[in-house]
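To start, the structure itself, in structure tokens.
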Amino acid sequence: MKDLAILFAGIAVVGMFTRIEPISGWWRALRNEHYLMAFVVPLLVLFGWPLEGVSAFRDGDQLGWQRVARMVFFGLIATHFVLKDLARQRTAVPPYSFFSVFGAYTLLCALSAFWSRESLQSLWKAIELVVVLMVTIELYQSRKNPVDRAASIAGSLMFLTFALCLMSIIGAVLAPERAWRDWGLEGLGVRSMGGAIPMINPNMLGQLGGMVAMVGILRFLLRPRRPTLGDLIVPAVGVVTLFLAYSRTSLIACLIIFVLTAVSMRRSSWLVVLAVFGVIIGTFFLEELIVYLVRGQTAEQFATLTGRLVMWDAALSAFWERPLFGHGFFVGHKYVEVASTGKLLATADSTYVETLVNLGFAGLTLISLFAIMTSLQAWRSLSHSRYSPVHLQEIAMVFFVVIAFTMIRSVTASSFQVLHYNLVFLLIALIGLAFLDRSFPRSCARRPNIVASEGFDSQVNSRLC
Numbered sequence: 015m016k017d018l019a020i021l022f023a024g025i026a027v028v029g030m031f032t033r034i035e036p037i038s039g040w041w042r043a044l045r046n047e048h049y050l051m052a053f054v055v056p057l058l059v060l061f062g063w064p065l066e067g068v069s070a071f072r073d074g075d076q077l078g079w080q081r082v083a084r085m086v087f088f089g090l091i092a093t094h095f096v097l098k099d100l101a102r103q104r105t106a107v108p109p110y111s112f113f114s115v116f117g118a119y120t121l122l123c124a125l126s127a128f129w130s131r132e133s134l135q136s137l138w139k140a141i142e143l144v145v146v147l148m149v150t151i152e153l154y155q156s157r158k159n160p161v162d163r164a165a166s167i168a169g170s171l172m173f174l175t176f177a178l179c180l181m182s183i184i185g186a187v188l189a190p191e192r193a194w195r196d197w198g199l200e201g202l203g204v205r206s207m208g209g210a211i212p213m214i215n216p217n218m219l220g221q222l223g224g225m226v227a228m229v230g231i232l233r234f235l236l237r238p239r240r241p242t243l244g245d246l247i248v249p250a251v252g253v254v255t256l257f258l259a260y261s262r263t264s265l266i267a268c269l270i271i272f273v274l275t276a277v278s279m280r281r282s283s284w285l286v287v288l289a290v291f292g293v294i295i296g297t298f299f300l301e302e303l304i305v306y307l308v309r310g311q312t313a314e315q316f317a318t319l320t321g322r323l324v325m326w327d328a329a330l331s332a333f334w335e336r337p338l339f340g341h342g343f344f345v346g347h348k349y350v351e352v353a354s355t356g357k358l359l360a361t362a363d364s365t366y367v368e369t370l371v372n373l374g375f376a377g378l379t380l381i382s383l384f385a386i387m388t389s390l391q392a393w394r395s396l397s398h399s400r401y402s403p404v405h406l407q408e409i410a411m412v413f414f415v416v417i418a419f420t421m422i423r424s425v426t427a428s429s430f431q432v433l434h435y436n437l438v439f440l441l442i443a444l445i446g447l448a449f450l451d452r453s454f455p456r457s458c459a460r461r462p463n464i465v466a467s468e469g470f471d472s473q474v475n476s477r478l479c
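Written as structure tokens, this is what we have:
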């Protein structure tokens, strides 16, 4: 009952904020994306409902209602897609080659069932990736104005991330004993805030907070004006979530993304603001910053990236046993024993290290190529948008922030190589990017100072702005 109480309290608070712009515009955008809402909202419930434990699932374990529910849900989604695909004459495919690269990666994941220790689990997790790809392809089937679709998808992503942050803060207030803990890092002296309902680990929650904070700050800088209440609430919720989650990777990502955005959009004044802010922090709050970053850890714990280097060393030793195709998708790393603790890995805490163990050089090549190609496309779209109306700059900025955060965080966390919040948000952002790129040739004169509403429906302007 307490779980339901926390859930409904979080939903009620989020509902109150849907009366304030820009949150109300983001909420309208999500409601317009019926197919996206029908997939993502139930999936987030399945992702976020508390588990009894956090250990890795292994053969012989009870599936539990959440895994069974996920199987049923994905089966229904796949059936729905196949029926719709058979009913239409032609299915449009996103024009980016990196979707083909990810498709090849998914095929390798499925084929790894032939040499995996747990063949059924490797095959099922690969099927999950196939279904997520189906959903993203279905999102691309639209005859609506591509600018409207891009704005709608960007607004949907922002509402989901903002809502998850706000619900996590409410959960921390109502159930601090569950939200504020070590989250499986016993002995490392690390306590941080995670989501209670929905259950989100601090690393992911810190990333969500960083995304909301960066979008809120960059929106304000793109539109210098007297801030409204919503302009203050959005970055405030993001910053509070980011700092309470104690995710150092996300803090670093914020700095990198801010600099990259300023360079891409040629806003040198933003870099001056960042430099001044850094001088103030370094002059007056340096000691507090160091205490925050160390988080009570010893020098040895800090030097090993909260134990990650130890896990990576053990994982890489296992990789050399099967360097070409690995030990099996989603399975191989779970049989790696860390010598210093005697425990088996639940995760390798790195997308690339985990892929290297599970799928070898072949898998790492595909997932790295996908990461590089998507990052470059997001950078190109953001750079192109600087000649566009302000609302298109904001849309491009949202997609860039989502994609860049995913790629940076994947270095120190298992992320988009499996079914995960990041994979879902990443693929949705890429579909939005495809719609946005379709709008540039028709709508963007290659000249600065174009009027924000010139040539566009006012409804699009209000959706994100």
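Numbering-wise (my numbering), the sequence shown opens with residue 15 and increments by one. Even glycine gets a Cβ: it sits at the ideal position worked out from N, Cα and C. Here the structure is a predicted model, which means the values were calculated and not measured.
Of LEU406, TYR435, ILE422 and PHE414, the smallest CA-CA separation from ARG163 is found for LEU406.
At the C-beta level, CYS268 and MET228 come within 8 Å of one another.
Contact between the region 148 to 160 and the region 176 to 190 is not established, with fewer than three Cβ pairs separated by less than 8 Å. Within the region 268 to 350, the complete alpha helix (DSSP H) segments of 4 residues or longer fall at 282 to 298, 300 to 308, 313 to 317 and 322 to 333, listed in chain order. If you check the CB distance, ALA332 and GLY321 do not come in under 8 Å.
In this structure, GLN391 places its C-beta atom within 8 Å of the C-beta atom of LEU447.
PHE298 and PHE291 have their alpha carbons spaced roughly 11 Å apart.
By the neighbour-count criterion, in which a residue is buried when 16 or more other Cβ atoms sit within 10 angstroms of its Cβ, ARG233 is buried. Note on PRO212: 16 or more other CB atoms within 10 angstroms of its CB, so buried under the neighbour-count rule.
Sorting GLN80, ALA210, ASP451 and THR93 by C-alpha distance to the C-alpha of LEU18 places ALA210 at the top.
LEU44 places its beta carbon less than 8 Å from that of GLY169.
Of the residues ASP363, THR388 and ILE381, the one whose Cα lies closest to the Cα of ILE445 is THR388. Within its own chain, the residues whose Cβ lies closer than 8 Å to the Cβ of ALA193, once the five positions on either side in sequence are excluded, are SER182, GLY185, ALA186, MET207, GLY208, GLY209 and ALA210, listed in chain order. In the three-state reduction of the DSSP assignment, SER354 falls in the coil class, being assigned neither a helical nor a strand state. From the listed residues GLY252, ILE231, LEU236 and ARG239, the smallest Cα separation to GLN221 is found for GLY252. Judged by beta-carbon spacing, GLU47 lies within the 8 Å limit of ILE167, meaning their Cβ atoms are closer than that value. For SER397, the enclosing alpha helix (DSSP H) stretches over residues 365 to 399.
Between the region 393 to 409 and the region 274 to 283 there are three or more C-beta pairs closer than 8 Å, enough to call the two in contact.
Uninterrupted alpha helix (DSSP H) stretches at least 4 residues long and entirely within the region 81 to 138 occur at 112 to 125, given in chain order. Excluding sequence positions up to five before and after LEU380, its CB lies within less than 7 Å of the CB of VAL115, ALA118, TYR119 and LEU122, all in the same chain and listed in chain order. By the Cβ-count criterion, ILE294 is exposed, with fewer than 16 other Cβ atoms from all chains shown falling within 10 Å of its own Cβ.
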